[in-house]
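Enquirer: Residue numbers (full-length UniProt numbering): 1 to 542.
Below is a structure I'd like to ask you about.
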Ligand SMILES: Nc1ncnc2c1ncn2[C@@H]1O[C@H](COP(=O)(O)OP(=O)(O)OP(=O)(O)O)[C@@H](O)[C@H]1O
Ligand SMILES: [Mg+2]
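If you want it as structure tokens, here you go:
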């Protein structure tokens, strides 16, 4: 169980949450929702015991499995399989067993060899007692279900993509939680921050089933409403406008209804407050004319002001980003071509001999299963990585805008302002401020280091960086990940209106619909085809 009492959370000087009591118990399957930057990740970190609250206390009993939103950078030299097995300490045992086995084979001295044999026996006994043999195959099963193929398991984490690493982390946590105790029931509390990022449709389906059956307690942050609809039996809505968390003790469908009713009531209250404030102001103006009532009038005016200021706060937070991609700079007929691109990592061949030509204003979707090299292809096209064979040929006037899934185009140490400033040194300060404002960055947040932004805020900043260029070819890798529904709609709208060329990688069918692609590139073969609606289904699967 996790209990938090008198919880106060802050981000800089902003209060995210105050005076809150939270409890996660066995049987709870809680969906934690709220706008980008509302404080969901912060809350989950604190519940996981990885962050200190500003005030209040957090108590944990039992095991907790926490999947952070950003991949953690631990020891990257260990293999994927060891990382998963380490959840139960089995990796160390296995390694020791292997050492003892080698010693048995190599030692010639009889006594030394006998010792090694005994040692192996002891280790093996322990391994078996911990359910090691069954566990190994269980770990492999979970990995396979999360789209991590067998060939990936012996690879060092360093050689895996960000998405694969995150799936290894998820597998590790689920492996620990599935440690069945009696009858497949696990007492582990799962705290999962956007677990479906980087997962394909089959894996998401499997995860849904796993989470639905999990009895030990769960808090999940997700922008996947189907998953929430299927899994959760309670909802925590983190309301950024009020720094409060509303608990709804019901499933997702009923929550949506209840929220709609609450919103209506709040809108009514707001309208009433506005009316009252304006009545006060009128009164104050009348009174103010009489010298004897000057003080009363001032008080009244102040109260009205306060009321309106509170309302302004709410309106500010209700705003959504107004995202437009740039007007593309003029360019030749085919701004980007690539010939015979191949890429391998070690002995692992990702793709070979991919040719493509991106015409001015053309819309192309890249499809392929997990690991087929979609992100790699975009990185090659964007010049972030070198191909083993072949080349990328810029056409006349080409200007690239690259949006990276892992936000690696951002300078994480630099502030929000500096990130945009150095991209467009010639643009006036006011113009940049307006641009950032339309992406909902203003005030203190301009000075915030990019690394401390929330997942959705990083996505917004990286997209703002694209807009400040005059790119005529956009390479977009999962541009709707991490965004709350309102911001996602804005990005889709921007995609619809953009006149330059786009090469898009996405699992989001809505993003493809918005793009209206003419062509599709299928990886790993690099085959090109005209877009047809048959491919739409593949988008979710890929
Ligand atoms: N050091 C800091 N200084 C100022 N603000 C910060 C700092 N660290 C985090 N924040 C802000 O705290 C807020 C909450 O962040 P958090 O990551 O919890 O949001 P979230 O609800 O998980 O959002 P998302 O849906 O985008 O993942 C964000 O607005 C973030 O910019
Ligand atoms: Mg978050």
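Glycine included, each C-beta is placed from N, C-alpha and C at the ideal position.
Which class does residue 186 belong to by DSSP, given the choice of helix, strand or coil?
Expert: Numbered from 1 along the chain shown, position 186 holds the residue referred to as residue 186. Three-state DSSP puts residue 186 in coil, outside helix and strand.
Enquirer: By the 10 Å Cβ neighbour count, where 16 or more other Cβ atoms means buried, how is residue 43 classified, buried or exposed?
Expert: Position 43 of the chain shown, counted from the start, is the residue given in the question as residue 43. The residue is buried, with at least 16 neighbouring Cβ atoms inside 10 Å.
Enquirer: Relative to the C-alpha of residue 437, which residue among 497, 464, 494 is closest?
Expert: Counting from one through the chain shown, the residue named residue 437 turns up at place 437. Selected option, being the one with the closest Cα: 464.
Enquirer: Once the 5 residues before and after residue 69 are set aside, which same chain residues still bring their CB inside 6 Å of it?
Expert: For the purposes of this step, residue 69 is taken as residue 69 along the chain shown, with counting starting at 1. Here the set comprises 41, 193, 194, 455.
Enquirer: Do you know offhand how far residue 149's Cα is from residue 143's?
Expert: Within the chain shown, residue 149 is the residue found at index 149, counting from 1. Within the chain shown, residue 143 is the residue found at index 143, counting from 1. Taking the straight line from one Cα to the other gives about 7 Å.
Enquirer: Does residue 116 come out as helix, strand or coil in the three-state DSSP assignment?
Expert: Position 116 of the chain shown holds residue 116. In this structure, residue 116 counts as helix in the three-state DSSP scheme.
Enquirer: Please return the same chain residues whose Cβ sits closer than 8 Å to the Cβ of residue 527, not counting the five positions on each side in sequence.
Expert: Within the chain shown, the letter at position 527 stands for residue 527. If we look at residue 527 and ignore the five residues flanking it on each side, its Cβ neighbours are 521.
Enquirer: If we ignore side chains and look at the alpha-carbon of each, how far apart do residue 353 and residue 328 end up?
Expert: Position 353 of the chain shown, counted from the first residue, corresponds to residue 353. Position 328 of the chain shown, counted from the first residue, corresponds to residue 328. Cα-Cα distance, rounded: 30 Å.
Enquirer: For the segment 27 to 39 and the segment 58 to 78, state whether three or more C-beta atom pairs, one from each stretch, are separated by less than 8 Å.
Expert: no
Enquirer: If we ignore side chains and look at the alpha-carbon of each, how far apart do residue 287 and residue 295 end up?
Expert: Within the chain shown, numbered from 1, the residue matching residue 287 stands at position 287. Within the chain shown, numbered from 1, the residue matching residue 295 stands at position 295. Distance between the alpha carbons of residue 287 and residue 295: 9 Å.
Enquirer: Any beta carbon of chain B sitting closer than 8 Å to that of residue 205?
Expert: Within the model displayed, chain B is absent; a lone protein chain is all it includes.
Enquirer: When a residue counts only if its C-beta is closer than 7 Å to some heavy atom of ligand 2, which residues count, in chain order?
Expert: 40, 41, 69, 193, 194, 221, 454, 455, 456
Enquirer: Would you say residue 437 touches ligand 1, meaning its beta carbon is less than 7 Å from a heavy atom?
Expert: Position 437 of the chain shown, counting from 1, holds the residue named residue 437. Not under cutoff, so the answer is no.
Enquirer: Are the CB atoms of residue 450 and residue 419 nearer to each other than 8 Å?
Expert: The residue given as residue 450 occupies position 450 in the chain shown. The residue given as residue 419 occupies position 419 in the chain shown. Contact: yes.
Enquirer: Report yes if the C-beta distance between residue 156 and residue 79 is below 8 Å; otherwise report no.
Expert: Start at 1 with the first residue of the chain shown, and residue 156 comes out as number 156. Start at 1 with the first residue of the chain shown, and residue 79 comes out as number 79. In contact: residue 156 and residue 79 (Cβ atoms closer than 8 Å).
Enquirer: Report yes if the C-beta of residue 38 is less than 7 Å from at least one heavy atom of ligand 1; otherwise report no.
Expert: On the chain shown, residue 38 is found 38 positions in, with the first residue counted as 1. Under cutoff, so the answer is yes.
Enquirer: Quick one: give me the first and last residue of the alpha helix (DSSP H) that residue 272 is part of.
Expert: Residue numbering aside, residue 272 sits at position 272 when the chain shown is read from its first letter. Run containing residue 272: 252 to 288, per the alpha helix (DSSP H) assignment.
Enquirer: If we require 3 or more residues per run, which beta strand (DSSP E) segments fall completely within the segment 297 to 377?
Expert: 336 to 345, 348 to 358, 363 to 367
Enquirer: Within the same chain, show all residues whose beta-carbon is closer than 6 Å to that of residue 496, passing over the 5 residues directly before and after it, in chain order.
Expert: Looking up residue 496 in the chain shown gives position 496. Here the set comprises 514.
Enquirer: Just to check my reading of the structure: residue 56 and residue 6 have Cβ atoms closer than 8 Å, yes? What is that Cβ distance to the nearest angstrom?
Expert: For the purposes of this step, residue 56 is taken as the residue at position 56 of the chain shown. For the purposes of this step, residue 6 is taken as the residue at position 6 of the chain shown. About 4 Å; that satisfies the 8 Å criterion.
Enquirer: Please report the straight-line C-alpha distance between residue 212 and residue 190, rounded to a whole angstrom.
Expert: Counted from its first residue, the chain shown places residue 212 at position 212. Counted from its first residue, the chain shown places residue 190 at position 190. Distance between the alpha carbons of residue 212 and residue 190: 12 Å.
Enquirer: Going by the C-beta, is residue 390 closer than 7 Å to any heavy atom of ligand 1?
Expert: Here residue 390 corresponds to residue number 390 of the chain shown, with the count starting at 1. The answer is no for residue 390.
Enquirer: Alpha carbon to alpha carbon, how far is residue 380 from residue 525? Give it in angstroms, no decimals.
Expert: Locating residue 525 in the chain shown gives position 525, where the first residue counts as 1. Locating residue 380 in the chain shown gives position 380, where the first residue counts as 1. If I take the Cα positions, the gap works out to 16 Å.
Enquirer: Per DSSP, what kind of secondary structure is residue 391 in: helix, strand or coil?
Expert: On the chain shown, position 391 is the one that residue 391 refers to. DSSP places residue 391 in strand when its eight states are reduced to three.
Enquirer: Any idea if residue 15 is buried or exposed, counting beta-carbon neighbours within 10 angstroms, 16 or more meaning buried?
Expert: As a first step, residue 15 must be located in the chain shown, where it is residue number 15. Flag for residue 15 reads exposed.
Enquirer: Applying the criterion that 16 or more other CB atoms from any shown protein chain within 10 Å of the CB defines a buried residue, is residue 83 buried or exposed?
Expert: Walking along the chain shown from the start, residue 83 turns up at place 83. Buried.
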